[in-house]
Amino acid sequence: MRSRAQSDGSPAAFDLEAIGANLAFASVAADLAEAIASPGASAVVQAPPGSGKTTLVPPIVANALAGEQDAGRVIVTQPRRVAARAGASRLRALASQTTPALASRVAYTVRGDSTLTRDSLVEFVTPGVLVRRFLADPELADVSAIVLDEVHERSLESDLALAFALDVRDLRGDLRLLALSATLDAERFAGLMGEGVPGPVPVIDSPTALFPVETRREPFASRMNERGVSREFLEHAARVAVEALEERGELADCDVLVFLPGAWEVEKAASAARDLLARRGARVAVCELHGRIDAREQDRIVRGRAAGEPRRIIFSTNLAESSLTVPGVRIVVDSGLSREVRRDAARKMSGLVTVTASRASMAQRAGRAGRLGPGLAIRLFDDLAYAGARDFTLPEIASADLTDTALLMAAWGTPGGSGLRLPDPPPSDALGDAHETLHALGALDANGSLTPLGRTLASIPTDPRLARALLASTPVVGSDAASRTVAALSLEAPLPLDGRSIDGPRASRERLAKEAERFARIARRHAGDARPETSGELEGLEAPHNPAHAAGIVVGLAYPERLARRVEPGIYECAGGTRAGTDETSLGDWIAIAEMQRSNAKAARGTGAIIRSAAPLTEEEALACAGPLVSERTEIDFGENGAKARRVRALGSIVLSSTPTKAEGAGAREAVLAGIQRAGLGMFTWSPSAANLRSRLALLHRELGEPWPDVSDAALLSRLEELAGPEIDALAGIGRKHPLPPSKIDMRPILERALPWPEASRLEELAPERLQVPSDSKIRLDYPSTDQIAHADGSGADEAPVRLKVKLQEMFGLEDTPRIVDGRVSVLIELLSPGGKPLAITKDLRSFWAGPYAEVRKDMRGRYPKHPWPEDPMAFEATAKTNRALRRGSH
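Going by UniProt numbering, 680 is the number at position 680 of the sequence shown; the sequence numbering is gapless.
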């Protein structure tokens, strides 16, 4: 076959000089071209936001392929659909000025939309699209290079795309592979990509393109309340954004970009801004940029404003954080908040929660203001919030529900991720829950192997629970109800409980209709696939006359663990063991919950979880949807008088019937063990000593790995028979006159049996209970909980640091912040006044003494004149004494 340029008469190469004009990355373009000159080459590009890597790297790679026989296209991943469309649009626009024939060969593919043709040369896609491509065609024979952009964001699909691409590179030998990062993780990715290939993978480091950015602070006292982000804070954000329009000089005609954590916050803040601007009579456009708005509106905002159009305030989620440059923006207002996936292991719930953004994220947001010229970043949070933030965003694999990921890994032939080169391994407890869910769906067999249904579900581009619900419910409730309900679940839209179209903005209705049609096509394409596995007990179920019940059946099939029965007014018990509250009074005795989240709000009614969206069912419908969750078993009740056995028929944790029975001898031991597994470790006593030991071991396991044990609930329960043999016998009454109640058992001895020997002798050295400070005091360290440690990123600046609360005077003379676990973990120092009030929080003592200390000294020396406040704290002896006591000691 002839080369690409010869076969169709088009130009052989992009005009890199024209495309790279005014882009900082152009200065290293030749280095990258040299690094990927040969087939099978790999490289990592480290380039800060705004350097032009997303624009220039794809044509550089395409040019490297231009003269080769049988050259395929270049695939470029972008973390979001709007970024994929924008990347393709920008490259097309730049190429059209010099090589129009190549411009027409730049395409994009996102879920439900594609401009790809047989002649496409460069294709921008989302990581999810690429992952499904790998499963459908593992060799990707028509692709010669893959460029993975924004790998530092660490989404699950991005991590999987990288791991699958490494396997394909090794399989083929000629696939070029590049990873692009905007953070300092480049060397880590280079090491991962270099495994199994000769020579190191080069790192191409691009200079920054950012202009100076002035940082100001406009903090607000209470950003969050029990329901989430407070309306008062959103009004404050809107007010600051509107006032930013009054900036003069170079910023007088620029746009303002406001970062908020989610779509709801964007909508409320934008509404508040419109009200303010209307009262002022200002001609300013207020725009909303988030995943729920129409693609055309997203693209219009990203393109910028035309000459003569009014200035804009753009309220955005993290869509605009890293991979998009929004023209005209020179002022950024940052809430300092982010919406991230978190998994509640105890309740087996996952969802988006609002957290403090990472420092890397804050830096990226501020950098938006400096891409086009000198800019201004206004932060709506104080120094304490910044000091307590993580260094980097938590990888999604560490905190997310892994059901879809586990299915995709099984479909790839690497169940559980075994042998897969992921940047971080999946947590064992989350992976175990995912396999349990997939088994319940019929996607995995008893041996953990992929079933025919599982392969079908893996091919459908949505959550496997939704895919299974779609296939199983269509024959019963009809294609229309099934597809519209699944579309609503996938878009987090209101459920179609009345059988009619959803009210709301036209763009939202159009998007929902488009998604419903997509799912209807999928249902038709897979009609009859693995019918017995998908439909289960639905075979004998009549089609419901009530459209709300049709929606309930679909939701129940997707999330059988969220089938729930009312136990008292406003409170429902879920099959998964969670109790959730609601103010909704029209729901029936049985419901299927589409969305619930952790909350301390009044509507949670003391349960800790609140129902956001649900649909009703009958008990018959709930049992039909529950599948293998319906069971009969012997259970043990633990009380102050010992253990009592009963025969239980249940839907998950919902008891349908119960009759007394007997469990004696070896049967009693097995029943007790099963009862503990079901009830959890909370039935035992967690003394302060046991909780402290567990936190220290959890930190050592996270930082050092084996042999330091995993002490999560799941890990301890899996080893319970090994670690708690005497306690199990005591609970069963074996060798005793009466069974021992669980409240009499402390977890400390059980944890001590998990200690590794001889490494246990270093426990106090690596993770001490107390830390000796310069004043010679030994002060207790506050370790975070096991759950907090499991969900932290291990960077030393995470959501759950090890804290040392110490009076400031006791730290005089210490420059280096204390570190534990062989120097891997930096201790967060909370410096206190002589009265024990917080003065500062830092992980950088040297910087504190050199800067903020002077202000603290000025404020505190008059309030606490009896205590030393030297001008040079490094030259003063640390002390816990007053000035008078120090003078007495010197005589």
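Heads up, the beta-carbon is just placed ideally off N, CA and C, and yes, glycines get one too.
Pull up the distance between the alpha-carbon of residue i and that of residue j, whole angstroms please.
{"i": "PHE684", "j": "LEU804", "result": "29 Å"}
{"i": "ALA516", "j": "ALA493", "result": "12 Å"}
{"i": "GLU573", "j": "ALA270", "result": "38 Å"}
{"i": "GLU157", "j": "THR437", "result": "19 Å"}
{"i": "ASP185", "j": "ASP844", "result": "21 Å"}
{"i": "ARG92", "j": "GLU510", "result": "28 Å"}
{"i": "GLU68", "j": "ALA13", "result": "12 Å"}
{"i": "ARG342", "j": "LYS866", "result": "47 Å"}
{"i": "PRO261", "j": "ARG678", "result": "36 Å"}
{"i": "ARG702", "j": "LEU755", "result": "15 Å"}
{"i": "PRO838", "j": "LEU380", "result": "21 Å"}
{"i": "ALA609", "j": "SER42", "result": "47 Å"}
{"i": "ASN63", "j": "ALA30", "result": "11 Å"}
{"i": "GLU584", "j": "PRO616", "result": "12 Å"}
{"i": "GLY705", "j": "ALA400", "result": "21 Å"}
{"i": "CYS254", "j": "GLY367", "result": "15 Å"}
{"i": "ARG81", "j": "VAL110", "result": "6 Å"}
{"i": "GLY835", "j": "GLY652", "result": "52 Å"}
{"i": "ALA360", "j": "THR183", "result": "8 Å"}
Excluding five sequence neighbours on each side, which residues of the same chain lie with their C-beta closer than 8 Å to the C-beta of residue i?
{"i": "GLU214", "result": "PRO374, GLY375, LEU376, ALA377"}
{"i": "LEU814", "result": "VAL773, PRO774, LEU845, ALA878"}
{"i": "SER695", "result": "TYR783, PRO784, SER785, THR786, ILE789"}
{"i": "ALA446", "result": "HIS439"}
{"i": "LEU56", "result": "LEU16, ILE19, GLY20, LEU23, PHE25, ALA26, ALA29"}
Identify which residue in the options has its Cα closest to the Cα of residue i.
{"i": "VAL266", "options": "VAL286, ALA732, SER712", "result": "VAL286"}
{"i": "LEU277", "options": "LEU245, ARG762, SER687, GLY304", "result": "LEU245"}
{"i": "VAL240", "options": "PRO560, VAL256, VAL555, ARG231", "result": "VAL256"}
{"i": "ARG90", "options": "ASP299, ALA237, PHE220", "result": "ASP299"}
{"i": "ALA558", "options": "ALA580, ALA626, GLU584, THR117", "result": "ALA626"}
{"i": "LEU408", "options": "ALA43, GLU195, ALA136, ALA767", "result": "ALA136"}
{"i": "LEU538", "options": "ARG296, LEU470, SER428", "result": "LEU470"}
{"i": "VAL671", "options": "ARG274, GLY733, ASP463", "result": "The question names Val, but residue 671 in the sequence shown is Ala. With distances taken between Cα atoms, ALA671 lies closest to GLY733."}
{"i": "ARG132", "options": "THR405, ALA83, ASP729", "result": "THR405"}
{"i": "GLY428", "options": "ARG421, LEU420, GLY416", "result": "Reading the sequence as shown, one finds Ser at residue 428 and not Gly. Among ARG421, LEU420, GLY416, the Cα nearest to that of SER428 belongs to GLY416."}
{"i": "ALA645", "options": "LEU656, GLU632, THR661, SER653", "result": "THR661"}
{"i": "ALA767", "options": "LYS744, PRO801, ARG562, ARG421", "result": "PRO801"}
{"i": "LEU541", "options": "THR659, ILE522, THR618, ALA238", "result": "THR618"}
{"i": "ARG762", "options": "LEU697, PRO452, GLY682", "result": "LEU697"}
Mind reading off the beta-carbon distance from residue i to residue j? Whole number of angstroms is fine, and I expect it under 8 Å.
{"i": "VAL630", "j": "ALA543", "result": "The pair is not a contact, with the Cβ atoms about 21 Å apart (cut-off 8 Å)."}
{"i": "PHE519", "j": "SER483", "result": "4 Å"}
{"i": "LEU491", "j": "LEU512", "result": "6 Å"}
{"i": "SER155", "j": "GLU309", "result": "At roughly 34 Å, the Cβ-Cβ gap does not stay under 8 Å, so SER155 and GLU309 are not in contact."}
{"i": "GLU830", "j": "SER777", "result": "Actually they are not in contact, since the Cβ atoms of GLU830 and SER777 sit about 15 Å apart, beyond 8 Å."}
{"i": "ALA95", "j": "ALA88", "result": "That pair is no contact at about 11 Å."}
{"i": "VAL284", "j": "VAL44", "result": "So it is not a contact: roughly 42 Å between Cβ atoms."}
{"i": "VAL825", "j": "LEU699", "result": "7 Å"}
{"i": "ILE591", "j": "ALA550", "result": "14 Å between Cβ atoms; not a contact."}
{"i": "ARG579", "j": "MET596", "result": "ARG579 to MET596, Cβ: 10 Å. No contact."}
{"i": "ALA273", "j": "ALA238", "result": "4 Å"}
For residue i, I'd like the list of residues in its chain whose CB is within less than 7 Å of its CB, leaving aside the five on either flank, ordered along the chain.
{"i": "LEU402", "result": "PRO426, ALA430, LEU431, ALA434"}
{"i": "ASP149", "result": "THR54, VAL76, THR77, GLN78, LEU180, SER323"}
{"i": "GLY336", "result": "THR356, ALA357, MET362, ARG379, LEU380, PHE381, ALA385"}
{"i": "GLU288", "result": "VAL266, GLU267, ALA270, PHE315"}
{"i": "GLY794", "result": "Bear in mind that a pLDDT of 42 at GLY794, under 50, signals an unreliable position, so the number given afterwards is only what the model happens to contain. For GLY794, where only same-chain residues beyond five positions count, the Cβ hits under 7 Å are ARG702, GLU703."}
{"i": "ARG861", "result": "TRP869"}
{"i": "VAL151", "result": "SER158, LEU162, ALA179, LEU180, SER181, PHE189"}
Just to confirm my understanding: we take residue i, look at its own chain, exclude 5 residues before and 5 after, and list those with CB closer than 6 Å. What are they?
{"i": "HIS197", "result": "As written in the sequence, residue 197 is Val, which differs from the His given in the question. Contacts found: none."}
{"i": "PHE134", "result": "PHE164"}
{"i": "GLN6", "result": "Caution applies to GLN6, whose pLDDT of 41 falls short of 50 and renders its modelled position unreliable; the value that the coordinates give is listed next. For GLN6, where only same-chain residues beyond five positions count, there are no Cβ hits under 6 Å."}
{"i": "ALA190", "result": "VAL44, VAL201, VAL203"}
{"i": "ASP114", "result": "The sequence as given places Ser at residue 114; Asp does not occur at that position. If we look at SER114 and ignore the five residues flanking it on each side, it has no Cβ neighbours."}
Self-check item: Segment contact flag, the segment 163-175 with the segment 93-103, C-beta cutoff 8 Å, min 3 pairs
Solution: no
Note to self: So, does the segment 31-41 touch the segment 108-125, judging by three or more C-beta pairs under 8 Å?
What the structure shows: no
ask   = Are three or more beta carbon pairs between the segment 359-374 and the segment 324-341 nearer than 8 Å?
value = yes
Below 8 Å, can you find three or more Cβ-Cβ pairs linking the segment 740-756 to the segment 720-729? yes
### Task
Count the C-beta pairs between the segment 227-243 and the segment 290-306 that are closer than 8 Å, then say yes if the count reaches three, no if not.
no
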